[in-house]
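**Student:** Residues 740 to 974, numbered by the numbering used here, are exactly what the sequence shown covers, in order. A virtual CB, placed ideally from N, CA and C, is assigned to each residue, including glycine. This structure is a prediction, so every number in the text was calculated from the model and none was measured. Below you will find the structure I want to go over with you.
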Amino acid sequence: MALTALKPSNFHGQRVCLLAILFFSCLFNVVVSISILAERLLHKYGIIPDVIDAAPDFTIDVSHHNRTLRMGEKIDPAEMQRVPKLMWPARAGTLFTLLMIDPDVPVRKNPTLAERQHYIVGNIKGCDFRHGQEMTGYIGPFSAKHSGLHRTTFLVYSQNSHVQFDEPRYPSVRDGSFKQRYKFSARKFAEKYNLTLFAVNFFMTGWPLYQITRKPTAPKYNPFREHFAPSPMEV
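Written out as structure tokens, the structure reads:
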């Protein structure tokens, strides 16, 4: 009797083990697929090589209005005028630097003013970027009307240790330093402070969001008198 009672139990245990193996196998495959898809999107939209040289190991989780953005998704600039929630797989004891830039200023085909700083924070403990060292205050994405879609890009770099940043501070767009946000280089910034690219994400934005991209007319474009898309910050 004892022997027959054990058989169903053994069978049940084997089923549980098998299901667990299948579950973790599927989970592993999903993670790998997401990584491959992300790298393909980075190549497809030219983030590689325009902004970075190669894909990092991780993506940044960007969410706003209680939903997570998909990499490469089109977003109305008016929806991103507040700092979104940002998360990445932070390693214990590691400091990070966060950049948000626009590499398509004034237009993607002729980015003579790229890159534009939108947000820079250094010496971040884990993902707590709101308590990091802010160098450039947040401004949401914007662009001249019918200047095509812009690739608003988030970059997270790991630091070897606490960094003494000697960058100029641009706390807001009302401090008279708006023009100095242009012609920034994420590559040179990372090289200067010995930062290692850790995570990335980006979304597409423009005014209007759904538009027929026209040929760039850069000579007629004044970068400092852009027509801003309506935003909650200026209402």
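Is it buried or exposed for residue 767, if we count other Cβ within 10 angstroms and need 16 for buried?
**Tutor:** As a first step, residue 767 must be located in the sequence shown, where it is residue number 28. Residue placement at residue 767 is flagged as unreliable, the pLDDT there being 37, under the threshold of 50; the coordinate-derived value follows with that caveat. So residue 767 counts as exposed.
**Student:** Restricting to Cα atoms, I'd like to know which of 902, 911, 853, 844 is closest to residue 864.
**Tutor:** The residue you call residue 864 lines up with position 125 of the sequence shown. Closest option to residue 864, Cα to Cα, is 902.
**Student:** Measure the beta-carbon distance from residue 801 to residue 868 and round it to whole angstroms, keeping in mind my assumption that it falls under 8 Å.
**Tutor:** The count along the sequence shown starts at 1 and reaches residue 801 at position 62. The count along the sequence shown starts at 1 and reaches residue 868 at position 129. That belief does not hold up - the Cβ atoms of residue 801 and residue 868 are roughly 12 Å apart, past 8 Å.
**Student:** What is the DSSP secondary structure of residue 919, counted as helix, strand or coil?
**Tutor:** Here residue 919 corresponds to residue number 180 of the sequence shown, with the count starting at 1. Helix at residue 919.
**Student:** Where do the ends of the alpha helix (DSSP H) carrying residue 884 lie?
**Tutor:** Indexing the sequence shown from 1 puts residue 884 at position 145. Careful: residue 884 lies outside any alpha helix (DSSP H) and carries neither H nor E.
**Student:** Only counting the same chain, and skipping five residues up and downstream in sequence, which positions put a Cβ closer than 7 Å to that of residue 922?
**Tutor:** Position 183 of the sequence shown holds residue 922. These residues qualify, in order along the chain: 852.
**Student:** Please list, in chain order, all residues of the same chain as residue 940 whose beta carbon is under 7 Å from its beta carbon, the five residues on each side excluded.
**Tutor:** Taking the sequence shown and counting its residues from 1, the one referred to as residue 940 is at position 201. Hits under 7 Å: 798, 799, 801, 810, 893.
**Student:** Determine the DSSP secondary structure at residue 857, reduced to helix, strand or coil.
**Tutor:** Position 118 of the sequence shown, counting from 1, holds the residue named residue 857. Reduced to three states, the DSSP call for residue 857 is strand.
**Student:** Exposed or buried, residue 788, counting other C-beta atoms within 10 Å across all chains shown (16 or more means buried)?
**Tutor:** What you label residue 788 is simply residue 49 of the sequence shown in a count that begins at 1. So residue 788 ends up on the exposed side.
**Student:** Restricting to runs no shorter than 4 residues, where is the alpha helix (DSSP H) found entirely within the segment 778-859?
**Tutor:** Those alpha helix (DSSP H) runs which fall completely within the segment 778-859 and span 4+ residues are 786-789.
**Student:** Given residue 780, which residues of its chain have a CB within under 6 Å of its CB, disregarding the five upstream and five downstream residues?
**Tutor:** Looking up residue 780 in the sequence shown gives position 41. Excluding positions up to five away in sequence, the list reads 810, 811.
**Student:** When you compare the CB positions of residue 795 and residue 934, do they come within less than 7 Å of one another, or not?
**Tutor:** As a first step, residue 795 is located in the sequence shown; it is residue number 56 there, counting from the start. As a first step, residue 934 is located in the sequence shown; it is residue number 195 there, counting from the start. No, these two residues do not count as a Cβ contact at 7 Å.
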